[in-house]
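Enquirer:
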Amino acid sequence: MGRKENEKVGIFNCHGMGGNQVFSYTADKEIRTDDLCLDVSRLSGPVIMLKCHHMRGNQLWEYDAERAGKWDYNFKTHTLLHIITQSCLSVNKVADGSQHPTVET
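-17 is the number of the first residue of the sequence shown in the working numbering; add one for each residue after it.
#1: Assign residue -12 to one of two classes, buried (16 or more other C-beta atoms within 10 Å of its C-beta) or exposed (fewer than that).
#2: If we count the other Cβ atoms within 10 Å of its Cβ and call it buried at 16 or more, is residue 48 buried or exposed?
#3: Could you tell me the alpha carbon to alpha carbon distance between residue 38 and residue 24, rounded to whole angstroms?
#4: I'd like the list of long-range same chain contacts for residue 12, defined as Cβ closer than 8 angstroms, with 5 residues on each side in sequence excluded.
#5: Just the Cα atoms here: how many angstroms apart are residue 22 and residue 31?
#6: Using CA atoms only, rank isn't needed, just tell me which of 4, -7, 78, 79 is closest to residue 29.
#7: State the beta-bridge partners of residue 30 as determined by DSSP.
#8: Would you kindly work out how many angstroms separate the C-alpha atoms of residue -3 and residue 75, rounded to a whole number?
Here is the structure:
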């Protein structure tokens, strides 16, 4: 199922056909598919797809060990950390069995 702008990101088994399961990490430090980027705007908020705006902020994902940006990847715990809120990117399973990325402390 492809996601549209303002929809929560879903997690599904890989189907091997690319398309909406192909994400890229850009030089602007965005995680994107086509013209939509992963975006999170609040603590414990959902991760949604929004049109890439290239203004960093809620769409900035940092893998830098020096924590130069809003996000940091920890190679020991395999977590992606939101620097400002000290929240990790996580997966939330909802009642209908679907899974959605979220941030949590």
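Backbone N, C-alpha and C fix where the C-beta goes; we use that ideal spot for every residue, glycine too.
These figures come from a predicted structure and were not determined experimentally.
Expert: The structure says:
#1: Here residue -12 is taken as the residue at index 6 of the sequence shown, counted from 1. Answer is exposed; the Cβ neighbour count stays below 16.
#2: For the purposes of this step, residue 48 is taken as residue 66 along the sequence shown, with counting starting at 1. Note on residue 48: pLDDT 49, under 50, position unreliable in the model; the coordinate value appears next. Exposed: under 16 other Cβ atoms inside 10 Å.
#3: In the sequence shown, counting from the first residue as 1, residue 38 sits at position 56. In the sequence shown, counting from the first residue as 1, residue 24 sits at position 42. Rounded to whole angstroms, residue 38 to residue 24 spans 15 angstroms at the Cα level.
#4: Within the sequence shown, the letter at position 30 stands for residue 12. For residue 12, where only same-chain residues beyond five positions count, the Cβ hits under 8 angstroms are 19, 20, 34, 36, 41, 42, 43.
#5: The sequence position of residue 22 within the sequence shown is 40, counting from 1. The sequence position of residue 31 within the sequence shown is 49, counting from 1. Taking the straight line from one Cα to the other gives about 9 angstroms.
#6: As a working mapping, residue 29 is identified with position 47 in the sequence shown. Considering only alpha carbons, the answer is -7.
#7: Residue numbering aside, residue 30 sits at position 48 when the sequence shown is read from its first letter. -10, 21, per the DSSP bridge assignment.
#8: Your numbering for residue -3 matches position 15 in the sequence shown. Your numbering for residue 75 matches position 93 in the sequence shown. Spanning the two alpha carbons is a distance of roughly 20 angstroms.
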